[in-house]
Structures are given as structure tokens and as C-alpha cells.
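2 protein chains.
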Amino acid sequence: MSFHLTDDRIRIMREEEVISQIKEIIKIKNNNVVVGPGDDAAVVSYNRKEYLILTTDCVVEEVHFNRKKTPLFLIARKAISVNLSDIAAMGGVPLYALVSIGLHKAPTQKDISQIIKGLQYMADRFSFDIVGGNLTKSDKLFIDVSMAGKVEKKYLKLRSGAKPGDLIYVTGTLGGSCLKKHLTFIPRIRESREIIKRVPVSAMMDISDGLSTDLIRLAQASGTGFKIHLDKIPVSNDALKISKEKEGAIQHALNDGEDYELVFTVPVKHKNKVPVKINSVPLTCIGEIVKEKRYTGLSSDGREVLIHPSGYSHF
Amino acid sequence: MSFHLTDDRIRIMREEEVISQIKEIIKIKNNNVVVGPGDDAAVVSYNRKEYLILTTDCVVEEVHFNRKKTPLFLIARKAISVNLSDIAAMGGVPLYALVSIGLHKAPTQKDISQIIKGLQYMADRFSFDIVGGNLTKSDKLFIDVSMAGKVEKKYLKLRSGAKPGDLIYVTGTLGGSCLKKHLTFIPRIRESREIIKRVPVSAMMDISDGLSTDLIRLAQASGTGFKIHLDKIPVSNDALKISKEKEGAIQHALNDGEDYELVFTVPVKHKNKVPVKINSVPLTCIGEIVKEKRYTGLSSDGREVLIHPSGYSHF
């Protein structure tokens, strides 16, 4: 995730201004940088056919997990997975990871072992190597992972490619990830690769901060708006569990963070190429990109509501 | 720095066991990994003539700096510099940086600006690009940087290449870095490049945890011992300022951390190729590599003392 605030309270208030401030100061000098700060990951030259993808993301105690309730194995797994999700968002595959760990006291053998096993579990599952890292003292536990991946030039996907008329799809189901999925989600590397090989996707990103927030980012990067059908948003069982009625569950699916699914857009003429499922993961069309820079949701009874980042006006 | 404990208290007790535990669990699968965990940085395939260098290092409030006494500009500069020092240690040049920042409260515009300016200052000075990053909430400020660099295959330097008889050199002066240098040091990228182009260096690393600790690491990686002349260790003015007498200053030069100079070894037949200075940085021969795995220091009156990591037996 490239220069991205991951805490809700500061994100909503300040993220856009922080990012614009960063972009003002940071000047990219090297023309090997294909994509700098602002997308899910950075993209730089690699070889004739492929780009190198570079990304970093961090999980911090009390912000992203509760240390007492969460096994270190799962915390380490999550720290890797959030980075894999960024690489999936670009259409890439992971190659190498570096892991920087802040531990609040001298680590026990079991602590270290649980963390390393969580990292290695993901490395085995997604065929990349953990090539180095760093351990430091820190009052609160954090695991900061940076990752290098690669993507064929022809398959690179950005947030900025959506065009009016393109259909909007999401993978999986959304909402209620705080119950469990935020720790155990499967980053959509395989699904992403399958989708981009079969479908000429015009824009893609991962849903880490909630569909409403992230779809607005995709639309802004593409210079467009969108119109989505609220009752078509695939609602997770956990979102239903939390709210117990459909309307509330939709709100969770729209606004909860940490789904780590993909949202992508497809030119309407290619819609038949989009499969219903990849592996067992459903792909659902939820609406379309529009020219006017408005972000709207249609409820099942035809009313139109404005979508805001992490919240939308009441039904 | 590859899987390296950066807090003194836990490092001394546990670092070697932690690293050996990590190495037991982590299995490198990809034969594109030339150097995995254990050296200053990881090295992976890049192109026909060059390797890619990957490294990460972190600075944490109250461990590496005092937030109230230290301007954010200098903290950010240090976070970059410790990574550049690792790239210098491999003989490489920096290409790209990712920056993960943990901030304890909603950042002010000035906070962000000071941090970004510190990062950008180093990026301009060493001609690399900051391509992305991450901001998250954290009680204690931390800045975790990961960096990609490159090195010509013929110039790659590891810790493990020293042979008995090789002479041991250090750049700059050592000790007393806590007064100021730990924040304002110049990573030895240019000096490293100049040295390896002029001299067939057999092993190299940076001195981040004190000469005694790091030279023992180099000797262990090379399967050798060493003998150094304590009165030849180049003592910094700050080490003299702290201890006020020569013997004490030598102890600081030997054992203080955060010098971020280079220690390297040269086959004795090439010693005439080693310049006295590079730019204005002195290169000083302090001893030699020996076959027997003992780490000894000779005092000016000819007595022999055993060198221990971060401490040695009394004169």
C-alpha cells in the first residue's frame, strides 16, 4: 500500500491531504519508476517483459490486532497477507519478503517460533522467499513487511484505468471481517492472475479500507464516478451475523474495512468473459463506472443515495 | 540488516540463538536468492551483470532516539541512512525506498513535512527514489525503511570472504556516536564504491553494533579469528570527549554502537592499493585476520586481551 494511512480515525480526516503533501515534497527522479506513491504498490523496471512490484504494509498492536486475544502465528500471517493483497491488486506474483519486527520485550523461543512459522506458512503457500529482516525492541508489537513481486508488463493493473460504462466487480463476500477474516483471509493472488489472464480488466485494486472508501479511490484515480446496486453487494455471513438484517449487513459490506478482496472494472463488451466463480470465489457485478464524478448507490426500491468514504447517507 | 536484533539488551543475550532459530524454520526455495538472512542485506538475481540488494531497518522511539530531543527531520534521515549503510556494506548503490511510518497521533502538517523532508534530503543526496510507503497509528513513533539497491556481480562484498593473513581496515573514526553522529552520519556508499573499484576487498560489513561485535561477526562468517592493535583503532573526537583519556576512548571506539562506518579486509599482497583517505574519510589498518578462531587485541605495551562482543577484558 503506497503512502496510505491505515488507522481509521486519522485516515478519514487527513489521508487525502497527507498524500497530497507527500506528493508535493517527493520528487521521482528515476525514469525506471513506472508507478510511484499513490497506487496499491510501486512499480519499477525489471526486465524486458516484466515489472518489479515493491510494497510495504504494517500491522500494529491495538490498531490491527489485540495481542492478548490473537496468536502470534495469525498476526504474522496477517502481516504477510496484507502485502500479498497489494501485489494481487497490481496483477502480480510475490518473489521476496523482508520482515521488520518490533517486540516489546526479550522474545521467548516460542514467540519467535510462532511469528516465523506464520511468515513461513504464507511463504510456502504462495511460493516466495523471506530473504531478511530486522528485530527491534518496541513497547507495542508491530510486524512491518515489505515485499518484492513481479508482473508481466501486459498484465499490470492500476487503479486509474476505469472508463465510463465499465462494469464493476468484486471478488468474494464483504463485511464483518473483524469477526475472523481480517486474520485468516486468503490474499487473492491466484484469483487475480486468473482474472487478468481471462478478462481485459481496465482497473483493479484491493479492498482494504472498505468498499465505499476504496471504490471512491479507484473512481478518483480514473477521473470517473460510479453507480452501484446496493442489493447486489455480496454480503458475507459474518456481516449478516453482526447485523441480523439485510440492510444493516449491506452497510457492513459497504463500509467495514479489511476485506482484502479485489474490486475491478471490465469494459462492458467483455462482460461474458468474466466467470461466475474462480476456484470457489464468486465474482459479482455490483454496478458500473459513470462519467459524472458522483458516487451513488441504488437501493432495491430504486432510491438513490450518495456514497461517502466509510459511510453513506441514510436510506 | 538481515534478521538482526537492534536493541542492546536483547541482542547480547539472544541474538545468535534467535538467528539460528530463524534459519532453522526459514527455508529458501528460490535459487534466485544469492544471499538470504544473515548478511547486512539480502541479494537476489537481477540481470546479467548485476544483483538486486534488498534490506530493511527500523528506528524506534526510545530505542534509537529520544522523540522530545530529536527533530523529526533527523529521525527520518537516520531511518534512511541505516539502510544505505547496509547497501554500502554489500558494495552497492541504492535505487528505491519504501517507508513505513508509525505515528502516535493524528499527524500535523508540520510533522509529516519534517519527516518527508528528512527522507527526501537523503534521496536527493544519494540519488534514489522513495516509491511508496505506509502510515499507521502507533503509540511510539517508528520509521521502518526498506530499500532496493543494486551491485555489479563482480563487486558484491559479503562478510564471509576474509582469509587468514588479510589485513583489517576501517573507514572514518569510531566511538562516541551517541553524542551526535548516530543521527547525522554519512552512509559510506561513495567510499564503499571507491574502495571496491580500487582494491580487491575480500570481506566487508558495516559497523552498526560496535567494532568488537561486528568484527567478531565478520570473523565468524569467514570461519576465522582476528588480531587487532588497540592503539591503531581510529578514535573519534566524540569518544575522546566522553572519556577524556586515551584508554577509555579506545574502549568507546571498540564497543560503542552506531558508528555506521565500514570494516573490510584486504589480502596483504594488495595492501598498497588501499589509499590513506577516500574523499576526506581516512582508511585505517587496525590488524589482521588469523586462522585460529580467537579474537584478540594487542595493547600498546604488548599485552594481549580477548575481545568480546560489546566488551572486552580489562587492561
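Residue numbers (the numbering used here), protein chains in the order written: chain L, 3 to 317; chain U, 3 to 317. Even for Gly, the Cβ is constructed at its ideal location relative to N, Cα and C. Here the structure is a predicted model, which means the values were calculated and not measured.
Per DSSP, residue i forms a beta bridge with which residues?
i                     : result
residue 144 (chain U) : U:62 and U:104
residue 152 (chain L) : L:54 and L:95
residue 21 (chain L)  : In DSSP, residue 21 (chain L) forms no bridge with anything.
residue 209 (chain U) : U:263
residue 131 (chain U) : U:98
residue 39 (chain L)  : L:41
Three-state secondary structure (DSSP) at residue i?
i                     : result
residue 306 (chain U) : strand
residue 98 (chain L)  : strand
residue 186 (chain U) : helix
residue 163 (chain L) : helix
residue 53 (chain U)  : strand
residue 136 (chain U) : strand
residue 80 (chain U)  : helix
residue 75 (chain U)  : helix
residue 336 (chain U) : The requested residue 336 (chain U) does not occur in the structure, where chain U is confined to residues 3 to 317.
residue 176 (chain U) : strand
residue 44 (chain U)  : strand
residue 314 (chain U) : In this predicted model, residue 314 (chain U) has a pLDDT of only 43, less than 50, meaning its place in the structure is not dependable enough to derive any value.
residue 11 (chain L)  : Caution applies to residue 11 (chain L), whose pLDDT of 41 falls short of 50 and renders its modelled position unreliable; the value that the coordinates give is listed next. DSSP places residue 11 (chain L) in helix when its eight states are reduced to three.
Quick check: the Cα distance between residue i and residue j, rounded to an integer number of angstroms?
i                     : j                     : result
residue 59 (chain L)  : residue 84 (chain L)  : 7 angstroms
residue 132 (chain U) : residue 162 (chain L) : 21 angstroms
residue 3 (chain U)   : residue 270 (chain L) : Since pLDDT at residue 3 (chain U) reaches only 44, below the 50 mark, its modelled position is unreliable, and no value is offered.
residue 24 (chain L)  : residue 43 (chain L)  : 16 angstroms
residue 68 (chain U)  : residue 128 (chain L) : 40 angstroms
residue 286 (chain U) : residue 177 (chain U) : 15 angstroms
residue 262 (chain U) : residue 33 (chain L)  : 30 angstroms
residue 180 (chain L) : residue 260 (chain L) : 8 angstroms
residue 209 (chain U) : residue 87 (chain L)  : 36 angstroms
residue 100 (chain L) : residue 148 (chain L) : 5 angstroms
residue 96 (chain U)  : residue 48 (chain U)  : 14 angstroms
residue 312 (chain L) : residue 205 (chain L) : 21 angstroms
residue 89 (chain U)  : residue 256 (chain L) : 44 angstroms
residue 216 (chain U) : residue 224 (chain U) : 12 angstroms
residue 237 (chain L) : residue 184 (chain L) : 15 angstroms
residue 19 (chain U)  : residue 37 (chain U)  : 20 angstroms
residue 296 (chain L) : residue 221 (chain L) : 9 angstroms
residue 276 (chain L) : residue 299 (chain L) : 23 angstroms
residue 51 (chain L)  : residue 153 (chain L) : 9 angstroms
residue 258 (chain L) : residue 70 (chain L)  : 23 angstroms
residue 283 (chain L) : residue 21 (chain L)  : 33 angstroms
residue 155 (chain U) : residue 109 (chain U) : 43 angstroms
residue 173 (chain L) : residue 124 (chain L) : 20 angstroms
residue 115 (chain L) : residue 111 (chain U) : 40 angstroms
residue 136 (chain L) : residue 294 (chain L) : 47 angstroms
residue 79 (chain L)  : residue 104 (chain L) : 15 angstroms
residue 53 (chain L)  : residue 113 (chain U) : 33 angstroms
residue 304 (chain L) : residue 233 (chain L) : 11 angstroms
residue 126 (chain L) : residue 195 (chain L) : 18 angstroms
residue 249 (chain L) : residue 199 (chain L) : 35 angstroms
residue 272 (chain U) : residue 218 (chain U) : 23 angstroms
Report yes if the CB atom of residue i is closer than 8 angstroms to the CB atom of residue j, and no otherwise.
i                     : j                     : result
residue 267 (chain L) : residue 201 (chain L) : no
residue 245 (chain U) : residue 231 (chain U) : no
residue 142 (chain U) : residue 63 (chain U)  : yes
residue 1 (chain U)   : residue 134 (chain L) : In this structure chain U extends from 3 to 317, so residue 1 (chain U) is not present and cannot be described.
residue 214 (chain U) : residue 106 (chain U) : no
residue 28 (chain L)  : residue 118 (chain U) : yes
residue 280 (chain L) : residue 252 (chain L) : no
residue 187 (chain U) : residue 61 (chain U)  : no
residue 226 (chain U) : residue 164 (chain U) : yes
residue 292 (chain L) : residue 243 (chain L) : no
residue 167 (chain U) : residue 290 (chain U) : yes
residue 45 (chain U)  : residue 98 (chain L)  : no
residue 65 (chain L)  : residue 138 (chain U) : yes
residue 146 (chain L) : residue 102 (chain U) : yes
residue 288 (chain U) : residue 170 (chain U) : yes
residue 151 (chain U) : residue 94 (chain U)  : yes
residue 308 (chain U) : residue 193 (chain U) : no
residue 92 (chain U)  : residue 158 (chain U) : yes
Within the region 228-299 of chain L, ranges of the alpha helix (DSSP H) (whole runs, at least 4 residues): 239-245 and 248-257
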